[in-house]
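Notes to accompany the following structure.
Numbering (full-length UniProt numbering), first residue to last: 1 to 426.
The following block contains the structure:
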């Protein structure tokens, strides 16, 4: 099969690596791709991942058999719909189904309609009404932008004043643009968070794997929210019993509910779950593999990823072989440019990535890199995902940080405590 992977981040580097290793794969294209994919995929640097027309033209001109969509924006824009109209198979939900991530108010209303456990909430477009509601509920409380905000549109307000500022920033200051035309005010759930992934092709659904990530920028889970500073899999809190409960009370009802509403869901469903004293509750849905969760999931998967993606795209998930996983755990630690998630400079030189890749159990995934004058340079906020695998979370962590120590990049920073919850359990 000829495959086109849409996107340019660490998630897409992981997908490209796994797909290229498949016995079913003859060629991989990446649109636009990144430096780390050189040698395993043909890059299409002139193609924007967010342009439906660009991706469609590339898929047609390169006679692609399957398109694998990495990021959420093209899914919400209807890329899969356009590909299917042109008889091109795609892994990912249509626009009608991708609204599960595209609109938090739709997602919350859907959960309510189908009796899927989640936090209480209200939707607002008026800052004054939102502030009145906050005062009726008290703090801590959660303020969320309704639309897509690159994983940063959630404020965990510890005080009324923090909630007021978040409301004004989103609705009045438009810090997240149109994503903040409406906001959700939500119950602050207390517990431990984990991510659970399932693969759906309509009403059929199979469990994939669990992971935990770290959103805060700095050690001790402090600082501003980011797109993710590290992740590990499996998540120790997500026991086989917990996975069964999530499948029975969240994934299957979602799959059936979407079909009943004429929005049949095909792709990966990323369930952000909170383990509370009152049981498991849905925090959010994402309609794609997480980043950096995808890096650790691909590092652990033993089954042929391309076979799974193809079976999903063709509605043959029930006929596919049970998934096999390596016994190893995996951990990715993100190296970001100083200043991220605020303002940061591009262009600093990164050396010795190959030396890190040569270490046992280490693979470096590129997220925000470019090539300039023969050198690899930083070209984004989150730049590298240094991934370690090993027989335990502790060994995976040790290897990931060995890899980081090998990378020569003075302008980068990273958290030094990725995996602390899992290590306490081990």
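The C-beta atom is built at its ideal place from N, Cα and C for all residues, glycine as well. All of these numbers come straight from a predicted model, not from anything done at the bench.
What's the C-alpha gap between residue 117 and residue 23? Your numbering for residue 117 matches position 117 in the chain shown. Your numbering for residue 23 matches position 23 in the chain shown. Roughly 41 angstroms separates the two Cα atoms.
Neighbourhood of residue 379 by C-beta distance below 8 angstroms, restricted to the same chain and skipping five residues each side: On the chain shown, position 379 is the one that residue 379 refers to. Within its own chain, the residues whose Cβ lies closer than 8 angstroms to the Cβ of residue 379, once the five positions on either side in sequence are excluded, are 346, 347, 368, 369 and 370, listed in chain order.
For residue 71, three-class secondary structure by DSSP: Counted from its first residue, the chain shown places residue 71 at position 71. The answer is coil: DSSP assigns residue 71 none of H, G, I, E or B.
Does residue 366 come out as helix, strand or coil in the three-state DSSP assignment? Locating residue 366 in the chain shown gives position 366, where the first residue counts as 1. Residue state, collapsed to three classes: strand.
Is it the case that the Cβ atoms of residue 192 and residue 141 are separated by a distance below 8 angstroms? Looking up residue 192 in the chain shown gives position 192. Looking up residue 141 in the chain shown gives position 141. The criterion of a C-beta distance shorter than 8 angstroms is not satisfied by residue 192 and residue 141.
Rounded to whole angstroms, what is the Cα-Cα separation between residue 222 and residue 229? Here residue 222 refers to the residue found at position 222 of the chain shown. Here residue 229 refers to the residue found at position 229 of the chain shown. Spanning the two alpha carbons is a distance of roughly 12 angstroms.
DSSP beta-bridge partners of residue 225: Taking the chain shown and counting its residues from 1, the one referred to as residue 225 is at position 225. Paired residue(s): 216.
Please work out which residues of its chain come closer than 6 angstroms, Cβ to Cβ, to residue 208, disregarding the five sequence neighbours upstream and downstream, and give them in chain order. As a working note, residue 208 is residue 208 in the chain shown. If we look at residue 208 and ignore the five residues flanking it on each side, its Cβ neighbours are 197, 198 and 199.
C-alpha distance - residue 403 paired with residue 292, whole-angstrom precision: By one-based count along the chain shown, residue 403 stands at place 403. By one-based count along the chain shown, residue 292 stands at place 292. Cα to Cα, residue 403 sits roughly 16 angstroms from residue 292.
Near residue 74, which residues of its chain fall below 7 angstroms by C-beta distance, leaving aside the five closest residues on each side in sequence? Here residue 74 corresponds to residue number 74 of the chain shown, with the count starting at 1. For residue 74, same chain residues with a beta-carbon under 7 angstroms away, outside a window of 5 residues either side, are 6, 49, 50, 52 and 55 in chain order.
For the ligand MG, I want to know if residue 101 counts as a neighbour, meaning its beta carbon is within less than 7 angstroms of at least one of the ligand's heavy atoms. Looking for the ligand MG in the displayed structure turns up nothing, as the structure carries no ligands at all.
Pull up the distance between the alpha-carbon of residue 416 and that of residue 334, whole angstroms please. The sequence position of residue 416 within the chain shown is 416, counting from 1. The sequence position of residue 334 within the chain shown is 334, counting from 1. If you draw a straight line from the Cα of residue 416 to the Cα of residue 334, it is about 10 angstroms long.
Can you name, in chain order, every residue of its own chain whose Cβ lies under 7 angstroms from the Cβ of residue 14, other than the five neighbours on each side? The residue you call residue 14 lines up with position 14 of the chain shown. Within the same chain, Cβ atoms closer than 7 angstroms to the Cβ of residue 14 are found at 294, 295, 298 and 365, the five residues on either side in sequence being excluded.
Going by DSSP, what residue range makes up the alpha helix (DSSP H) through residue 312? Position 312 of the chain shown, counted from the start, is the residue given in the question as residue 312. Counted as a single uninterrupted DSSP element, the alpha helix (DSSP H) harbouring residue 312 occupies residues 305 to 313.
Would you mind giving the Cβ-Cβ distance between residue 271 and residue 289, rounded to the nearest angstrom? I have them listed as a contact below 8 angstroms. Looking up residue 271 in the chain shown gives position 271. Looking up residue 289 in the chain shown gives position 289. Incorrect: roughly 12 angstroms between the Cβ atoms, too far for contact.
8 angstroms Cβ shell around residue 72 - same chain, five flanking residues per side excluded: Working through the chain shown from its first residue, we reach residue 72 at position 72. For residue 72, same chain residues with a beta-carbon under 8 angstroms away, outside a window of 5 residues either side, are 98, 101, 102, 148, 286, 287 and 288 in chain order.
From 137, 425 and 315, residue whose alpha carbon lies closest to that of residue 234: The sequence position of residue 234 within the chain shown is 234, counting from 1. When the alpha-carbon of residue 234 is set against those of 137, 425 and 315, the nearest one is in 425.
As assigned by DSSP and simplified to three states, the class of residue 296: As a first step, residue 296 is located in the chain shown; it is residue number 296 there, counting from the start. Helix at residue 296.
For the pair the region 153 to 162 and the region 122 to 129, tell me if three or more CB-CB distances fall below 8 angstroms. With a cut-off of 8 angstroms on Cβ pairs, the region 153 to 162 is not in contact with the region 122 to 129, counting fewer than three such pairs.
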